[in-house]
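So the structure is just underneath, and the comments pick up after that.
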Amino acid sequence: MRGLSILAAACTLSCAAAQTFQRLGGCPDLGCVFPPDQADFLPGQFFDIRLEVHSPVNGSEARVGVPDSDFKFTITKKGSHSISAAKYFKIKEPELERWNFTWYEDLFAQDANQPSLVNVTAKAYRRVALYEPGEYEATLTYYGHEKTVANWHVRDLPTKRRAKNVVLFVGDGMTTNMITAARLMAHRSINGKYMTKMALDKFPILGHQMTHSMDSFITDSANSATALYSGHKTTVNALNVYVDSSEDPFDDPKFENIAEVFRRRYPDGGVGIVSTAFLADATPAGLAAHTSDRGEYDHVISAYYEGLKDYKWTKWNGPDVLLGAGAENFLTSEDSPRDYYNLFSEKGYNVAWNNTALHNAPNDEKLLGVFQTSNLETWLDRNVYQGNLVNQSNYPDGSGRDADDLPGLKDMTLKAIDVLHERHGDDGFFLMSEAASIDKQMHTLDYDRSLGELLELDDTVRATIEKLKSLGELEDTLIIVTADHGHGFDVTGSVDTDYMDAQEDDRSKRNAVGYYHNSGLSQYTVGGPKSLRYSEGVHFPARWDPRYTLHAGVVAFPDHRENYQVHSEGPRTPAIAAKDKKNGYYVNYKDAVTGFLINGTLPVSADQGVHSLTDVPVFAQGPCQELFGGVYNSIDIFFNMAECLGLAETKGKGHSGH
Ligand SMILES: *[C@@H]1O[C@H](CO)[C@@H](O)[C@H](O)[C@H]1NC(C)=O
Ligand SMILES: *[C@@H]1O[C@H](CO)[C@@H](O)[C@H](O)[C@H]1NC(C)=O
Ligand SMILES: *[C@@H]1O[C@H](CO)[C@@H](O)[C@H](O)[C@H]1NC(C)=O
Ligand SMILES: *[C@@H]1O[C@H](CO)[C@@H](O)[C@H](O)[C@H]1NC(C)=O
Ligand SMILES: *[C@@H]1O[C@H](CO)[C@@H](O)[C@H](O)[C@H]1NC(C)=O
Ligand SMILES: *[C@@H]1O[C@H](CO)[C@@H](O)[C@H](O)[C@H]1NC(C)=O
Ligand SMILES: [Zn+2]
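In terms of mature numbering (1 follows the signal peptide of the UniProt record, and there is no 0), the sequence shown is residues -18 to -1, 1 to 640.
Encoded structure:
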């Protein structure tokens, strides 16, 4: 009908070719439906629908004519007739919106600064839900007779609640390879047999989840947190929304996450969020925020504080416990005139700024703990190289003093359980606890610090199981330990650091690496207090600086130096900006000086390592543990937790909008 041109037919070829540079992720045609094709839903889960019709003005998809302002959208449940979405959800037909955007079709277009321009007409249906399990077809008809069909699947889940509590541990960036390396550093073995096991090794159920995102096979932590918490795969940087093509980071189609559904279904249930990252970071933010831009930190903190201001789709009134770092986002600043410490305490939260205050806080009241600016200092610095904590000017009150009484992941997690149990002993709770710096230290190629965080997570899991047992809650608690994505890390042998230090040139330094038979045995477990040997208890390396270290690394990196030794003077900076920033990053010659130069494999714009493709492990124990065995998708973690908590809402409601 309107302005359909022959060029539209050519799009089938050119659009299919657009892979890494996409006009709009999840929208291969000129008609876009979000949630997109193959979306899964929890029965009764609130979500928005965004429709867009694209009219490319120029570039390979250019077509003559004006954008379609008369497109139709229908919903069909398999076996029944199709009706307009407005009728189906019993809501008003939304207003037509218009905007335009530009995108680059490939690297050549980007180098030439030749963006393609697209005119857009759009609509959004807000806050709807599908209650009846089954297969649905959502059909957008545009330009007269072109169609985009999204097949939606509302999962048929049992509604009986089987778990009172869920504790979800996220080892950010954690892979099986890292667990293997951490075990080698912390657990003694005799003739190839470990004398002790990690807490993770003792879980009855092991699964693998695939972390790919909707429109890229490598995910970031925002997108993957969204998949784990809401059952929807989206785009890099997005939190609990599908990303539309408009500029506004807050108008994208939203969907409910597990904390929101849990609170809506069980208003007396508790929610806890614990992280070693700054609390505005993606993995904790995924339990509150709804935005296409994870960098909207003030939105994240305000979402913890009051939910979505203009969008009360749940009884969400903030978590009971919120513990982590990132004080800068709670203090008043140019970005945020609000003093969140005051606001939270006016809302009945106790505010703790150090470990002593954390432990002293009453368990029957809400608790906000912010222990320093930035990310929490790593386990290695807090426990082994404490000198690195001096002169950081990171006390969370913004006074510029040092934070010298810091909790770790274990302190925070056990306190969160105390508070949640005290406040919600009858109705149960959902707790997420994140070991964030496994990922953060992997990014900067600081493998010792990363594996220290992993061992701290393992110790926290062990202590959590003991705590739940002592509270009489273990049998009623589903415990899951998983990751949101991996890094391409592995160990291929050992390094004689004395020999490497003694060599003059880079090629002979490499002879310090021993592989196969010459890898030898772990020297990290030698020495240390006798009392810990072979005992079941805390397991960390007896020393971090043995002569023979691990020959460890990742598969993609910036220019850097490597000497395979612990960075005892503080977290590592592998690459630094060129004087002329346009030229990207170069090796930091002050890092790992006794080692050798390794030229980077990533674009020079990368100053650190990046996430990788690997499936990540899932450990589960407790009610519903059997759901977590095998190989499945990241979103299945959400659906399994929701099933176990009985969150599916299938009866009584029919379909409805507001
Ligand atoms: C498309 O049009 C825009 C706006 O006029 C222009 O900036 C851009 O360079 C054009 N792109 C191509 C590929 O022609
Ligand atoms: C793009 O949309 C604007 C209105 O926003 C309209 O004036 C213009 O003609 C459109 N261009 C094309 C090529 O459709
Ligand atoms: C794109 O949209 C902006 C603002 O909505 C408008 O000012 C501009 O003229 C539009 N560009 C084109 C080429 O339609
Ligand atoms: C810990 O916090 C409490 C309460 O804010 C404060 O009184 C105490 O001085 C703090 N301790 C340290 C070591 O900063
Ligand atoms: C900390 O800063 C003070 C004052 O600048 C300085 O005297 C001291 O040496 C510093 N300490 C460390 C461990 O860097
Ligand atoms: C690193 O790359 C530079 C060129 O960018 C080259 O001159 C040098 O030989 C390379 N060094 C190694 C160790 O590969
Ligand atoms: Zn991550």
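Glycine residues also receive a C-beta, built at the ideal position from the N, C-alpha and C atoms.
Check, Outcome
"Spatial neighbours of Tyr481 in its chain, beta-carbon cut-off 8 Å, leaving aside the 5 residues before and after", "Asn493, Ala494"
"Touch test, the segment 533 to 543 against the segment 572 to 590, Cβ-Cβ under 8 Å, three pairs minimum", "yes"
"Check: Asp562 C-beta below 7 Å from any heavy atom of ligand 6", "no"
"Among Gln603, Tyr567, Gly604, nearest to Val586 - alpha-carbon criterion", "Tyr567"
"DSSP state of Ala624 mapped onto helix, strand, coil", "helix"
"Buried or exposed (CB count within 10 angstroms, at least 16 for buried), Arg444", "buried"
"Buried versus exposed, by CB contacts within 10 Å (16 or more), Phe29", "buried"
"CA-to-CA distance, Val152 to Asp441, given in whole angstroms", "14 Å"
"Integer Cβ distance of Gly509 from Arg525, believed to fall under 8 Å", "6 Å"
"Cβ-based burial, Tyr498 [other Cβ within 10 Å; buried from 16]", "exposed"
"beta-carbon Leu89 near ligand 1 non-hydrogen atom, thresh 7 Å", "no"
"Run of the beta strand (DSSP E) containing Tyr107, from where it starts to where it stops", "98 to 110"
"Among Gly552, Asn570, Thr103, Leu182, nearest to Gly369 - alpha-carbon criterion", "Gly552"
"Alpha carbon of Met171 to alpha carbon of Lys179, nearest angstrom", "It is Ser, not Met, that sits at residue 171 in the sequence shown. Near 10 Å, if we compare the C-alpha coordinates of Lys179 and Ser171."
"Exposure of Gln583, with buried meaning 16 or more beta-carbon neighbours within 10 Å", "First, the amino acid is wrong: residue 583 is Thr here, not Gln. It is exposed - the Cβ of Thr583 has fewer than 16 other Cβ atoms within 10 Å."
"heavy atom of ligand 1 below 7 Å from Gln96 C-beta", "yes"
"Selected residue, minimal CA-CA separation from Gln231, among Leu210, Arg245, His194, Arg276", "Checking the sequence shown, residue 231 turns out to be Pro, not Gln. Per the Cα distances, Arg276."
"Nearest-angstrom Cα separation, counted from Thr158 out to Ile31", "37 Å"
"C-beta contact flag for Val223 and Met414 at 8 Å", "no"
"Thr596 versus His467 - alpha carbon distance", "7 Å"
"Cβ-heavy atom distance, Asn337 to ligand 3, below 7 Å", "no"
"Sequence-distant residues of its chain with Cβ nearer than 7 Å to Asn615 (five each side left out)", "Gln191, Met192"
"Where the beta strand (DSSP E) containing Glu34 begins and where it ends", "29 to 38"
"Length-filtered (3 minimum) beta strand (DSSP E) runs lying within the segment 336 to 361", "348 to 352"
"The segment 445 to 464 in contact with the segment 137 to 154 per 3-pair CB rule at 8 Å", "yes"
"C-beta atoms of Pro389 and Phe353 nearer than 8 Å", "yes"
"Buried versus exposed, by CB contacts within 10 Å (16 or more), Glu229", "exposed"
"Sequence-distant residues of its chain with Cβ nearer than 7 Å to Leu78 (five each side left out)", "Ser51, Thr103, Lys105"
"Proximity test, Asn581 beta-carbon vs ligand 6 heavy atom, cut-off 7 Å", "yes"
"Simplified DSSP assignment, three categories, for Met180", "coil"
"Same chain, Cβ closer than 7 Å to Ser476, five either side skipped, listed in chain order", "Gly496, Ser501, Gly502, Tyr530, Thr531, Leu532, His533"
"Cβ pair residue 653, Asp302 closer than 8 Å", "The structure shown does not extend to residue 653, since the chain is modelled only from -18 to 640, so the question has no answer here."
"Rounded separation between Thr632 and Pro266 - CA only", "29 Å"
"Which listed residue (Asn311, Val548, Gly454) has its alpha carbon closest to that of Phe325", "Checking the sequence shown, residue 325 turns out to be Leu, not Phe. That would be Asn311, whose Cα lies nearest to the Cα of Leu325."
"8 Å CB neighbourhood of Tyr118 in its chain, flanking five on each side removed", "Ile57, Thr58, Lys59, Lys60, Leu112, Asn133, Trp134, His135, Val136"
"Backbone CA spacing between Glu316 and Gly519 [nearest angstrom]", "47 Å"
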